[in-house]
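In this text, residue positions in the sequence shown follow the UniProt record's numbering: the first is 1, and each later residue adds one. Have a look at the structure below before the remarks.
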Amino acid sequence: MDDDMLVLDEGASDPRPIKIKDLVAGKKVVFFGLPGAYTSVCSSKHVPQYNERLEKLKEAGVDTVACLSVNGLLQHIPGLGVRSMRYSLMADDGVVKILNVEEPGGKSYKVSGPDNMLKCISELKG
């Protein structure tokens, strides 16, 4: 958790480094991971749906939503293959409370999508 990750804030032109522990400290954070930036499912469905559900996630108690892509902020490098599963998780003060992982090789985002995350948060609250 002492590792840095690069964050590209909405509307910013350049990424900034942030320590993961600082991002999650005292907060409920939803992370969703993509197998590659600008892939068809990710760009046309997964990311837009998280944007559309952002207010509902905040109403459910989520402080921050972060999209993680392992191949860079602005590019997809052909030939390197899939380097991440499509997933979502919710951490509460740095402790993972919800983890949803899609089947390998599939194009589905139902398990890792925002609607399922909202359902899981609701179930967690009881």
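The C-beta atom is built at its ideal place from N, Cα and C for all residues, glycine as well. From a predicted model like this one, the values you see are computed outputs, not experimental measurements.
Helix, strand or coil for residue i? Go by DSSP, reduced to three states.
{"i": "Met117", "result": "helix"}
{"i": "Lys110", "result": "coil"}
{"i": "Lys56", "result": "helix"}
{"i": "Pro48", "result": "helix"}
{"i": "Ser13", "result": "coil"}
{"i": "Ser88", "result": "strand"}
If we call anything under 7 Å between Cβ atoms a contact, is residue i one with residue j?
{"i": "Pro19", "j": "Asp4", "result": "With the sequence shown as reference, residue 19 is identified as Lys, and Pro is not the correct amino acid for it. Yes, Cβ-Cβ distance for Lys19 and Asp4 is below 7 Å."}
{"i": "Val91", "j": "Val7", "result": "One detail in the question is off: residue 91 reads as Ala in this sequence, not Val. It is not a contact, given that the beta carbons lie outside the stated cut-off."}
{"i": "Ser88", "j": "Phe32", "result": "yes"}
{"i": "Gln49", "j": "Pro114", "result": "yes"}
{"i": "Ala60", "j": "Ile121", "result": "yes"}
{"i": "Glu102", "j": "Val111", "result": "yes"}
Going by DSSP, what residue range makes up the beta strand (DSSP E) through residue i?
{"i": "Val96", "result": "95-101"}
{"i": "Lys28", "result": "28-34"}
Taking residue i and residue j to be in contact with their CB atoms under 8 Å, please state how far apart those CB atoms are, rounded to whole angstroms.
{"i": "Leu124", "j": "Lys97", "result": "6 Å"}
{"i": "Met117", "j": "Asn100", "result": "7 Å"}
{"i": "Leu54", "j": "Val65", "result": "6 Å"}
Locate the alpha helix (DSSP H) running through residue i, then write down its first and last residues.
{"i": "Val65", "result": "Taken as a continuous stretch (DSSP letters only), Val65 belongs to no alpha helix (DSSP H), being part of the beta strand (DSSP E) at 64-69."}
What does the Cβ neighbour count give for residue i, buried or exposed, with the cut at 16 atoms within 10 Å?
{"i": "Pro35", "result": "buried"}
{"i": "Gly106", "result": "exposed"}
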